[in-house]
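*Asks:* Take this structure first; my questions come after.
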Amino acid sequence: MEDIRLQPAMVVDDVVKRFGRGDEIVTAVDHVSFNVAQGEFVSVIGPSGCGKSTLFNIIGGLLGDYEGSVMIGDERISAPHPAVGMVFQEESTFPWRNVIDNVAFPLELQGVAKSERMDRAHHFIDMVGLASFEKNFPSQLSGGMRQRVSIARTLVSQPKILLMDEPFAALDEQTRLLLGDKITQIQQELNQTTLLITHNLTEAVQLSDRIVVMTYRPGKVKRIVDINLKRPRTSDVVGSDAFGHYVAEIWNDLREEASRGMADSESAASRRGAHG
Amino acid sequence: MAATGEMKAPARRAVAPAVSTAPVTARRVLLVRVIVALAVLAVWEGLSRSGLFYGEVIPSLTRIAASLGKLLVDPVFYKNLQVTALETFASLSIGAALGIVTGIVLGANRFLMRAFEPYVYYLSPTPRIILFPVMIMWFGVGPASKVALGALSAYFAVALSTAAGMRQIDAILIRVGRSFRATTWQMATKIYLPAMRVPILNGIRLGMGTAIITVLLAETKLSNQGLGYMIMQVYTRFDMPGLYALLIVVFAIAGACNALIGKLAREQV
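From first to last, the protein sequence lines are chains A and B.
Take any residue in the first sequence, count from 1 to its spot, add 230: that is its number in the working numbering.
Take any residue in the second sequence, count from 1 to its spot, add 1444: that is its number in the working numbering.
Structure, rendered in structure tokens:
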């Protein structure tokens, strides 16, 4: 794998994002740098309030005003880029479109002819295991199925980099593990370069080649951990010793940050209580 | 993964009580409605025969029915119906088109919404008919003044409803559109409009109601054609059976239009 990493698909270089003005400036992302190689699966993990979502929006091009650079090839990201496909944490299927029309949406925007659009949408619906639900509307599907529709909709545009923000956050643990399998399988099938934003430790270790651990506010890179678990991988890996070691090791880093975050929100809560 | 067990049954929540009690309740409701209608007709007929009222004020049901029959084959009626229908349609088209545009602009722009909100809210319940003299001066006594007034009344209903619908759109759907680099036109046609279909149709339904009312009202005030004009003609002749027959037809038409748009709004794709 080392040779492939010589050509990064994306380089995040010294990215800083501050919100607010005057005395109330909050630094959400603080001098963050890492890169993602061609075909690599990288996770960014950190406690709530570490600037993960801000980073997601910057890389996705939805937050154009930031310092430093996110480079894809020799282009600096400042608006949504065709090479980046985003999958959101929230429920994001179009309720008025059925599954196949939801998935075909990006192709429709590009003006792809209808028959080709349907063929390509069908291919990716099949890949996420929803072939028999093409004509169903989102309201007729479970949360896990709807999230797979969103993933297929992003994959159909064939992005160079798949960018996901806690896509399984709203799902239960079993569904999450199974969907993780699906993601691993798709990623290996397409050799899909993927960047996953998450706060879920097992999910990150299960899926990633590398994990970027973030600190609590301001969000800096605390450490980057290589995950040398065999590929192809399945959710069985969760039971292995090596998996346990990685989880323990990263939790060690994360615990301090998470408890800082917790202390912060507790003191904020008691301040609110005192005023109330 | 794609097992059917994972699929939710969308009908489940409604099914249980509906099966057991709904037909019984529905039958009872229908029964009460029929009884009310029959009672009203009986009281009417009784009053008509009692001789308590002067002359033709409450004509007998048979005479109203006869008038209704005559009305429905009268070419003059259809000419007037056509005028009113066209005036209402034109009012609604103009009012709805302008209302949707205004609603989108106000809904998309917080600043403009705050600036214009008081005008829209406080002007919308004002009876439009008080502006009728102004409309006559601007547009004359013909259909144009009725259309202008009807359009004005439909406009507010549609604009308010569209603006509210716009602000209720799930922000994530807009982010999805942006992430796929949708153009402004694509955002409007493929995300905003479909997401706002139901509130817009509801606005159009309300707008149609007020457009019909306003057009008819304006026709009764000053005009030389249309159903409102015809009602006043019949009234001037003191043809009470004819007047009631006309009112029945107007109720029926307004009710049918309302039901049709209501059905469109409820039909979730």
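Just so it is clear, CB atoms sit at the ideal spot from N, CA and C, and this is done for glycine as well.
All values derive from a computational prediction rather than experimental measurement.
In whole angstroms, give me the CA-to-CA distance for Gly1547 (chain B) and Arg378 (chain A).
*Replies:* The straight-line gap from Cα to Cα measures roughly 34 Å.
*Asks:* Please list the partners that Leu1617 (chain B) has in chain A, where partner means a Cβ-to-Cβ separation under 7 Å.
*Replies:* By Cβ distance, chain A contributes Ser322 and Phe324.
*Asks:* CA-CA distance, Pro448 (chain A) and Arg1619 (chain B)?
*Replies:* So the alpha carbons of these two residues sit roughly 25 Å apart.
*Asks:* Met316 (chain A) versus chain B: which residues are under 7 Å apart at the beta carbon?
*Replies:* Ordered by position in chain B, the residues that pass the 7 Å Cβ test against Met316 (chain A) are Ser1623.
*Asks:* Taking 8 Å as the cut-off, decide whether the C-beta atoms of Asp273 (chain A) and Leu426 (chain A) are in contact.
*Replies:* A small fix is needed here, since residue 273 (chain A) is Ser in this sequence, not Asp. It is a contact, given that the beta carbons lie within the stated cut-off.
*Asks:* Residues in the stretch 334–345 of chain A with C-beta within 8 Å of chain B's C-beta atoms, listed in sequence order?
*Replies:* Of all residues in the stretch 334–345 of chain A, Phe335, Pro336, Glu338 and Leu339 have a Cβ within less than 8 Å of some Cβ in chain B.
*Asks:* Contact criterion: CB-CB distance below 8 Å. Does Leu292 (chain A) meet it with respect to chain B?
*Replies:* Output row for Leu292 (chain A): interface = yes.
*Asks:* Using a cut-off of 8 Å between C-beta atoms, extract the partners of Pro462 (chain A) located in chain B.
*Replies:* Here the premise fails: no neighbours, minimum Cβ distance about 17 Å.
*Asks:* Whether or not the stretch 345–363 of chain A and the stretch 389–400 of chain A are in contact is what I'm after, with contact meaning three or more pairs of Cβ atoms, one per stretch, closer than 8 Å; do they touch?
*Replies:* No: fewer than three Cβ pairs fall under 8 Å.
*Asks:* Is the beta carbon of Phe1521 (chain B) less than 8 Å from the beta carbon of Met1674 (chain B)?
*Replies:* Contact flag set, yes.
*Asks:* Rounded to the nearest angstrom, what separates Met348 (chain A) and Ala334 (chain A) at their Cα positions?
*Replies:* Each residue's Cα considered, the two are about 7 Å apart.
*Asks:* Taking three-plus beta-carbon pairs below 8 Å as touching, is the stretch 1562–1581 of chain B in contact with the stretch 1516–1536 of chain B?
*Replies:* No, the stretch 1562–1581 of chain B is not in contact with the stretch 1516–1536 of chain B.
*Asks:* For the structure I just gave you, are there three or more beta carbon pairs, one from the stretch 416–433 of chain A and one from the stretch 467–483 of chain A, closer than 8 Å?
*Replies:* Yes: at least three Cβ pairs fall under 8 Å.
*Asks:* Where does Thr445 (chain A) sit, in a helix, a strand or coil, going by DSSP?
*Replies:* If DSSP states are grouped into helix, strand and coil, Thr445 (chain A) belongs with coil.
*Asks:* Given that Ser299 (chain A) touches chain B, what residues does it touch there, using C-beta distances under 8 Å?
*Replies:* Within chain B, no residue comes near Ser299 (chain A); the closest Cβ sits about 20 Å away, beyond 8 Å.
*Asks:* Contact defined as beta carbons within less than 8 Å: I believe Phe264 (chain A) pairs with Val242 (chain A). What is the distance between those atoms, to the nearest angstrom?
*Replies:* Contact holds; Cβ gap of about 5 Å.
*Asks:* On a CA-only basis, which of A:Arg383, A:Leu292 and A:Lys344 is nearest Leu360 (chain A)? Give me that one, please.
*Replies:* Minimum Cα distance to Leu360 (chain A) is reached at A:Arg383.
*Asks:* Taking beta-carbon pairs under 9 Å, can you tell me which members of the stretch 372–387 of chain A lie near chain B?
*Replies:* Listed in sequence order: Ser372, Gly374, Met375, Arg378, Ser380, Arg383, Thr384 and Ser387.
*Asks:* So, does the CB of Val1678 (chain B) fall closer than 8 Å to a CB anywhere in chain A?
*Replies:* By this cut-off, Val1678 (chain B) is not an interface position.
*Asks:* Classify Val1585 (chain B): buried if its beta carbon has 16 or more other beta carbons within 10 angstroms, exposed otherwise.
*Replies:* Label assigned to Val1585 (chain B): exposed.
*Asks:* So what does Met394 (chain A) bridge to, in DSSP terms?
*Replies:* A:Val317 and A:Leu426.
*Asks:* If distances are taken between C-alpha atoms only, which option among B:Ile1692, B:Cys1701, B:Pro1571 and B:Gly1706 comes closest to Ala1510 (chain B)?
*Replies:* Selected option, being the one with the closest Cα: B:Ile1692.
*Asks:* Give the residues from the stretch 1626–1645 of chain B that approach chain A closer than 9 Å (Cβ to any Cβ), ordered along the chain.
*Replies:* Those would be Ala1626, Thr1627, Gln1630, Lys1634, Ile1635, Pro1638, Ala1639 and Arg1641, in chain order.
*Asks:* Taking C-beta pairs closer than 8 Å, name the residues in chain B that Pro277 (chain A) reaches, listed in chain order.
*Replies:* Those within 8 Å of Pro277 (chain A) in chain B number zero; the least Cβ separation is about 23 Å.
*Asks:* Along the chain, where does the alpha helix (DSSP H) that runs through Ala1632 (chain B) open and close?
*Replies:* That residue, Ala1632 (chain B), is in no alpha helix (DSSP H); it is neither H nor E in DSSP.
*Asks:* Taking Pro312 (chain A) as the query, report the chain B residues whose CB atoms sit under 8 Å from its CB, ordered along the chain.
*Replies:* Per Cβ cutoff of 8 Å: Arg1625.
*Asks:* Are the stretch 403–412 of chain A and the stretch 462–469 of chain A in contact at 8 Å, needing three or more beta carbon pairs?
*Replies:* A contact exists between the stretch 403–412 of chain A and the stretch 462–469 of chain A.
*Asks:* For Val1564 (chain B), which residues in chain A fall below 8 Å Cβ to Cβ?
*Replies:* Simply none; closest approach about 27 Å.
*Asks:* Taking the runs of the alpha helix (DSSP H) that are 4 residues or longer, which of them lie wholly in the stretch 1527–1606 of chain B?
*Replies:* For the stretch 1527–1606 of chain B, whole alpha helix (DSSP H) runs of length 4 or above, ordered along the chain, are 1554–1567 and 1576–1583.
*Asks:* Assign Leu1550 (chain B) to buried or exposed, taking buried as 16 or more other Cβ atoms, counted over all protein chains shown, within 10 Å of its Cβ.
*Replies:* Result: buried.
*Asks:* I think Glu1489 (chain B) touches Leu1515 (chain B), with their Cβ atoms under 8 Å apart; what is that distance to the nearest whole Å?
*Replies:* About 20 Å separates the two Cβ atoms, so there is no contact after all.
*Asks:* Is the distance from the Cβ of Glu297 (chain A) to the Cβ of Val245 (chain A) below 8 Å?
*Replies:* Yes, Cβ-Cβ distance for Glu297 (chain A) and Val245 (chain A) is below 8 Å.
*Asks:* Would you decide whether Gly1670 (chain B) is buried or exposed? Buried here means 16 or more other CB atoms lie within 10 Å of its CB.
*Replies:* It is buried - the Cβ of Gly1670 (chain B) has at least 16 other Cβ atoms within 10 Å.
*Asks:* Looking at the strands, I want to know which residues DSSP matches up with Lys247 (chain A).
*Replies:* According to DSSP, Lys247 (chain A) bridges with A:Val259.
*Asks:* Would you check if the distance between the CB atom of Ser1535 (chain B) and the CB atom of Gly1594 (chain B) is smaller than 8 Å?
*Replies:* Closer than 8 Å, so yes.
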